[in-house]
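Working notes for the structure below.
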Amino acid sequence: MKDISIKVPVTEARVDELTPAEQELVSLARRAYLRSYAPYSHFHVGAAILLDNGEIVTGSNQENAAYPSGTCAERTAAFYAHSTYPEARFKAIAIAARGTDGEEIELPVAPCGACRQVLLEYEKLAEADVKVILVGRDRVYILPSVRSTLPLAFSEF
Numbered sequence: 236m237k238d239i240s241i242k243v244p245v246t247e248a249r250v251d252e253l254t255p256a257e258q259e260l261v262s263l264a265r266r267a268y269l270r271s272y273a274p275y276s277h278f279h280v281g282a283a284i285l286l287d288n289g290e291i292v293t294g295s296n297q298e299n300a301a302y303p304s305g306t307c308a309e310r311t312a313a314f315y316a317h318s319t320y321p322e323a324r325f326k327a328i329a330i331a332a333r334g335t336d337g338e339e340i341e342l343p344v345a346p347c348g349a350c351r352q353v354l355l356e357y358e359k360l361a362e363a364d365v366k367v368i369l370v371g372r373d374r375v376y377i378l379p380s381v382r383s384t385l386p387l388a389f390s391e392f
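With this note's numbering applied, the sequence shown covers 236 to 392.
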């Protein structure tokens with residue numbers, strides 16, 4: 236038997252330390268959570284995806300009383316991005332949230348497992364790493380790829 240250690244590289248930064256393009260993604264993810272529909276959880280999430288054609292697509296979580304018929308912000312944005320720009324490839328995604336108190340959450344929030352798996356599919360399609368920016372009130376976590384959020388992913392690669 237042998238122990239294996241899996242390390243995930245994460246960079247912590249303030250928003251003002253990000254590039255202008257990354258700051259725009261964060262801003263758009265924050266705006267997107269204002270458009271979420273979360274009457275049950277009261278947890279509002281927004282996502283913004285930068286495509287290789289320069290377009291940025293946003294999405295927000297959409298809940299439904301017939302749980303689990305709603306969808307997360309990341310999947311809303313991902314599915315809309317690919318259905319609108321099928322030839323474009325994902326380059327980066329920012330994810331932000333505000334909690335049940337109506338305030339932006341203190342610590343960065345990560346995508347759920349289903350969203351990680353969906354985003355991994357688009358990273359595979361892009362044939363390149365898709366940067367992940369997880370947003371909290373005062374800091375962000377930057378991961379080099381979707382794959383780094385799901386190191387033991389169900390995947391062919």
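Cβ atoms here follow ideal geometry from the backbone N, Cα and C, with glycine treated the same way.
Contact between the region 237 to 250 and the region 282 to 296 is not established, with fewer than three Cβ pairs separated by less than 8 Å.
In the same chain as Tyr275, and ignoring 5 residues on each side of it, the C-beta atoms closer than 8 Å to its own belong to Glu298, Ala300, Tyr302, in chain order. Taking the Cβ atoms as the reference, Val261 lies roughly 12 Å from Val367, outside the contact range of under 8 Å. For the options Thr335, Ala331, Gly334, Glu358, the alpha carbon positioned closest to that of Ala323 is the one of Glu358. If you draw a straight line from the Cα of Thr319 to the Cα of Lys237, it is about 47 Å long. The criterion of a C-beta distance shorter than 9 Å is satisfied by Ala282 and Ser295.
Taking all protein chains shown into account, Val243 has fewer than 16 neighbouring C-beta atoms within 10 Å of its C-beta and is therefore exposed.
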